[in-house]
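>
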Amino acid sequence: MATENGFNGDTNLHKACTSKSQETSKGDEKTNTVPFHKLFVFADSTDILLMIVGTVGAVGNGLCMPLMTILFGDLVNAFGQNQSNNQVVHVVSKVSLKFVYLAVGAGVAAFLQVSCWMVTGERQAARIRGLYLKTILRQDIAFFDVETNTGEVVGRMSGDTVLIQDAMGEKVGKVLQLLSTFFGGFIIAFVKGWLLTLVMLSSIPLLVISGATMAVIISKMATRGQTAYAQAATVVEQTIGSIRTVASFTGEKQAISNYNKLLATAYKSGVHEGTAAGLGLGVVLLIIFCSYSLAVWFGGKMILEKGYTGGEVVNVIIAVLTGSMSLGQASPCMSAFAAGQAAAFKMFKTINRKPEIDPYDMSGKVLEDIHGDVELRDVYFSYPARPEEQIFSGFSLSIPCGTTAALVGESGSGKSTVISLIERFYDPLAGEVLIDGINLKDFQLRWIRGKIGLVSQEPVLFTSSIKDNIAYGKEDATIEEIQAAAELANAAKFIDKLPQGLDTMVGEHGTQLSGGQKQRVAIARAILKDPRILLLDEATSALDAESERVVQEALDRIMGNRTTVIVAHRLSTVRNANTIAVIHRGKMVEKGSHSELLKDPEGAYSQLIRLQEVNKESEQVADVSEVTPESFRQSSLRRSMKRSISRGSSIGDSSHHSFSVAFGLPTGMNVNDSSTVDTEDPSKQPLKQPLEVPIRRLAYLNKPEIPVLLLGTIAAVANGVILPIYGLLLSHVIETFFKPPDELKKDTRFWALIFMALGLASLLASPARTYFFSIAGCKLIQKIRLMCFSKVVHMEVGWFDEPDNSSGSIGARLSVDAASIRGLVGDALAQMVSNLASAIAGLVIAFVASWQLALIMLGLVPLIGFTGYFQANFMKGFSADAKMMYEDASQVANDAVGSIRTVASFCAEEKMMQLYSKKCEGPLQTGIKQGLISGSGFGLSFFLMFSVYATNFYAGAQLVKHGHVKFSDVFQVFFGLTMATIGITQSSSFAPDSSKAKSAAASIFAIIDRESKIDLSDESGTTLENVKAEIELHHVSFKYPLRPDIQIFQDLSLSIHAGKVTKQSICHFIETKSYIRYCQLFFRLLLWLEKVGVGNPQ
């Protein structure tokens, strides 16, 4: 009774904690972001120094623009006031020299700003990736049952960390630069004309409110889209990771349907996000142009009533609007910060999670050794994912050291749960799990797991070599120890026959090895660990009879003198166990040795024995006579088969590497020494570059959206010509400020109204542009992702054995390449159309004003183009390729998280982290180098920009001196060509995006255009009303695609009659696993003439 009360108390406490946790979680979800300063919580001292230096550079760079407004005011006064031409040239020359000084300072400051913030962003993002993976590997198994999965983890590591890096890298420097410009501009404006500045300040609250509102809305939209894409990535990972199962059960349509639903959700979020961004930008531009309107009108009053000069008014207007526009320019950065904060929420929450069962907790008992006594005492347990389903209610079991205990019973009775509790994957809700009489919770987790070896039903191998997989059993294992473990595990023979031996890569999840081979590698790994307690969880149940015999031999070798717990489905494998416990619905109904339990004919164990014997007899209906004489026409083949069956344990397992039966092979080939075959590692083969895809193919996919694109183009052109018109108006306003009072009063009102009209045009054009192009771009991404995924799931299974086609790589291609393609149609295309419109309008304005000065300035266009290219790249971020660079590291994370039980049982968390860190070293160094190069380019761009300004005004002064142009024409050419150059260079800045998009399109269409050799979606071919299931292999030759030098079948013939069962042990020599895969149409045979009922499967 006391026990029951204690259990109920624990249960209630568990429910209360769960309830509280859920309430807290709900509270957190409401905010759904982390505070901005928390993004930098993982910075070290070097990062702090880099951020300080980068901040100083950003502030200095930001002050350069306000200082330029002072020089601009001096130029206006020099040109506008009635001075002699010689005086104009003298004053302008001095101002031009000051522009050169400003250029040097701006160049140095810009370099420090960009390089320092990019480097620290790269470093901190890499640290966050590592900490996130380390925390994930640290979590208890319940976390993976309830809160996350492999696809989500890899998606967050490859996608969300890019968003976080974007929010804590160069964009922070950009915001600091803009803030410096903001404050610097207003300080100068107040010094030059405080009254006019106060009037213009009315625009600031409106700018702040509009910017903040836009950031909040975009953040919500971005979170929805990220969630949908993360779920879609999970579908991709699960589908490709278990593609054989999906293909076997024709689950392709279901997977495609699930994927499409998530893409539809992401499409809606993308369109809403684009519309919100466009509307926000339109409101900001409206406020800015209304500010110009107010400034022009009030500036005229100040000249008339307060004695301001035209230069001072221009100085104040440009200084205030430079400061104000800096807030508008910060809007993209705010969007990046919002996206980064949203992405960091889930990751940081996971990083800060403290697991109940912590492998990194070094507290707890550490003994010299353990004897191996195992006891479960009055255990109550239910799985965290199914808390309402009770597995054990007062379960007890005792296993003395050095003995073998077998757990048998029907599926779902709780046998494997015992294994999980002994490994401490879970803790019981009540009761105790004891080793040598000590509660398992009292031991240091890492130490006690080091004393326990686990071999599971489905052996888990990592994407590395056989040697590396075995070495997970022991840290710093020598090659001799690894070879000895392989020998004990009956794995040495098949490993020696592989072309690369122990260095052979096993493929993703071990797909390059058969079930028997994978299991023996897993056993070798467990042997190397030399555990005191050995746990065998249905270690042979998934194998064919011959593989089971070989694996069982290996297990029998290592079970001596160890406490062994066997979970078995086939009772024949546990007859020699010291104790057999029969478990039924979480209760132990019988316990004893094999002979003791058989004494009760009505006992549960006896009934299980009889049931399996009945099944065995039904299997034996198919005997050797089912293999027709036609199948073995040559007596030499039959003799060879008999010799092969009796020859060695490695012959006949389901490997597709170690087949060595001596029949049907070319004469001259030594079947016992396939290691002589020189098979080049596919991973070392040079990758074929996909053919370039014509843009018209992408345009054809967007054909239904042509009306939308036309409307978007009209809006983009209208949006583009606004900027040159603004420059033209500004030059006319400057001229107006030096007119007589009557004209000045009249003209300032007129130009004020024109500026308001320009603002209203921006409010309409900007959201219209982003809305229409978002529809086209998001629809294209949806179509391409769906087309590519649909094609992928219908590929033959052999295609997925290639390293480039692993679940991690395909997931990255679907994510990154599809998003890159949008650069040809979505926001980038809209901006490019606007920029080209700006360029054409600006050139027309400049040449109409003064063709001489326009030609001089055109000579400087390459320099201006260089500056614009780097500054435009800086605005959108230099770190765009981070996700692709970390693709190999993502595959390591994919392996580790997908095999978390194996990682936990072998205490391999640190080893996986070392491998992940090694994979991250190259991308990290590349990112740092990219930061330094980008910083140099950005600094040089600012130097050239101010130098070009100096040249322009000096040349203009010379033309004014000689009477070729008026001073207003100089400003028209300056503003016209400046706006044109902005348009040209911003368009050219999309060239890398365009190139990347073309490369991405080639990569995607390489998949879409590839014809699957075995395509389930192909509806051609014969269909029958009724299949008799007469199976015949007639003169079949076969090799695995990635092992083309190893012959599996050579001129093989075999017949299996309808309604008959052919035991795998009879035909083990033909590589049973390969045969089954062939019948499932997984691999195309080199030569085929077979019959299923009537006709050929293809």
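To convert, count from 1 in the sequence shown and add 341; that's my numbering.
Glycine included, C-beta positions come from ideal geometry on N, C-alpha and C.
With distances taken Cα to Cα, identify the nearest neighbour of Met688 among Ala1237, Val494, Ile482.
Taking only the C-alpha atoms, the option nearest Met688 is Val494.
> How big is the Cα-Cα spacing for Ser499 and Val557?
Their Cα atoms are separated by approximately 24 angstroms.
> Helix, strand or coil for Asn1235? Go by DSSP, reduced to three states.
DSSP places Asn1235 in helix when its eight states are reduced to three.
> From Leu1104, Leu408, Gly1278, pick the residue whose C-alpha is nearest to that of Leu453; which is it?
It is Gly1278 whose Cα lies nearest to the Cα of Leu453.
> Going by DSSP, name the residue or residues bridged to Leu738.
According to DSSP, which records beta bridges pairwise, Leu738 is partnered with Leu717.
> Spell out a yes or no on whether the region 647 to 665 and the region 717 to 733 are touching, meaning 3 or more CB-CB pairs, one atom from each, closer than 8 angstroms.
Counting Cβ pairs under 8 angstroms, fewer than three are found: no touch.
> Give the secondary structure of Lys1380 by DSSP, where H, G and I count as helix, E and B as strand, and everything else as coil.
Strand at Lys1380.
> Identify the residues that DSSP records as bridge partners of Met929: which are they?
Met929 is bridged to Ile924.
> Assign His850 to buried or exposed, taking buried as 16 or more other Cβ atoms, counted over all protein chains shown, within 10 Å of its Cβ.
Buried, because 16 or more other Cβ atoms sit within 10 Å of the Cβ of His850.
> Have a look at the DSSP bridge pairing and note the partners of Lys706.
Phe784.
> Does the separation of the CB atoms of Leu1104 and Val612 fall below 8 angstroms?
The answer is no: Cβ separation not under 8 angstroms.
> Helix, strand or coil for Phe1113? Go by DSSP, reduced to three states.
Note: Phe1113 maps to helix in three-state DSSP.
> Buried or exposed for Gly753, going by 16 or more other Cβ atoms inside 10 Å?
So Gly753 counts as exposed.
> Considering only residues of the same chain and omitting the five flanking positions on each side of Ala419, which have a CB-CB separation below 6 angstroms?
For Ala419, where only same-chain residues beyond five positions count, the Cβ hits under 6 angstroms are Val429, Val432, Val433.
> My assumption, with CB atoms under 8 angstroms, is that Thr410 sits in contact with Ile529. Please give the rounded CB distance.
At roughly 6 angstroms, the Cβ-Cβ gap stays under 8 angstroms, so Thr410 and Ile529 are in contact.
> Tell me the rounded alpha-carbon separation between Gly1152 and Gly492.
Using only the alpha carbons, I get a separation of about 9 angstroms.
> Look up His1375 in the DSSP assignment and say whether it is helix, strand or coil.
Looking at His1375 - three-state DSSP - the assignment turns out to be strand.
> Would you mind sorting Ala918 into buried or exposed? The rule is 16 or more other CB atoms within 10 Å of its CB.
It counts as buried.
> How many Å lie between Leu668 and Glu1352 at the Cα?
In a straight line, the C-alpha of Leu668 is about 52 angstroms away from that of Glu1352.
> DSSP three-state label for Ser772, please.
Rather than Ser, the amino acid found at residue 772 in this sequence is Gly. Of the three classes helix, strand and coil, the one that applies to Gly772 here is strand, per DSSP.
> Under a Cβ-count criterion, where at least 16 other Cβ atoms within 10 Å of its own Cβ denotes burial, should Thr591 be classed as buried or exposed?
Per the 10 Å Cβ criterion, exposed.
> For Gln860, which residues from the same chain have a beta carbon less than 6 angstroms from its beta carbon, with the 5 sequence-adjacent residues on both sides left out?
So the list reads Pro800, Val892, once near-sequence residues are dropped.
> Going straight from the alpha carbon of Ile310 to that of Ala679, what length do you get?
Because residue 310 is not part of the residues shown, which for the chain are 342 to 1439, the question remains open.
> Rounded to the nearest angstrom, what separates Trp1092 and Ala1102 at their Cα positions?
One C-alpha to the other measures close to 15 angstroms.
> From the DSSP output, in three-state form, read off Gly750 for me.
Looking at Gly750 - three-state DSSP - the assignment turns out to be coil, as it is neither helix nor strand.
> With a CB to CB cut of under 7 angstroms and the five nearest residues on each side skipped, what residues in its chain are close to Lys782?
Excluding residues within five positions, the ones whose Cβ falls inside 7 angstroms are Asp768.
> Within the same chain, show all residues whose beta-carbon is closer than 7 angstroms to that of Ser521, passing over the 5 residues directly before and after it, in chain order.
Within the same chain, Ser521 has close Cβ partners Ala399, Val400, Gly403, Leu404.
> Taking the alpha-carbon positions, what's the Ala826 to Ala867 distance?
So the alpha carbons of these two residues sit roughly 9 angstroms apart.
> Which of the three DSSP states, helix, strand or coil, is assigned to Asp507?
The answer is helix: DSSP assigns Asp507 an H, G or I state.
> Measuring alpha carbon to alpha carbon, tell me which residue in Val1377, Ala1195, Lys1259, Val1289 is nearest His1305.
Checked all of Val1377, Ala1195, Lys1259, Val1289; the closest Cα to His1305 is Ala1195.
> Per DSSP, Thr905 forms a beta bridge with which residues?
In DSSP, Thr905 forms a bridge with Thr745, Leu875.
> Name the DSSP beta bridge partners of Ile836, please?
Looking at the DSSP assignment, Ile836 forms no beta bridge with any residue, so it has no partner.
> So, are the CB atoms of Val923 and Ile760 less than 8 angstroms apart?
Not in contact: Val923 and Ile760 (Cβ atoms no closer than 8 angstroms).
> Can you grab the Cα-Cα spacing for the pair Ile1181 / Ala618, in whole Å?
Approximately 26 angstroms between the Cα atoms of the pair.
> Using the rule of at least 16 other Cβ atoms within 10 Å of the residue's Cβ for burial, across every protein chain shown, is Arg1090 buried or exposed?
Exposed.
> Any chance you could list the alpha helix (DSSP H) runs of at least 4 consecutive residues sitting entirely within the region 559 to 646, in chain order?
Qualifying alpha helix (DSSP H) stretches, in chain order: 584 to 589, 593 to 646.
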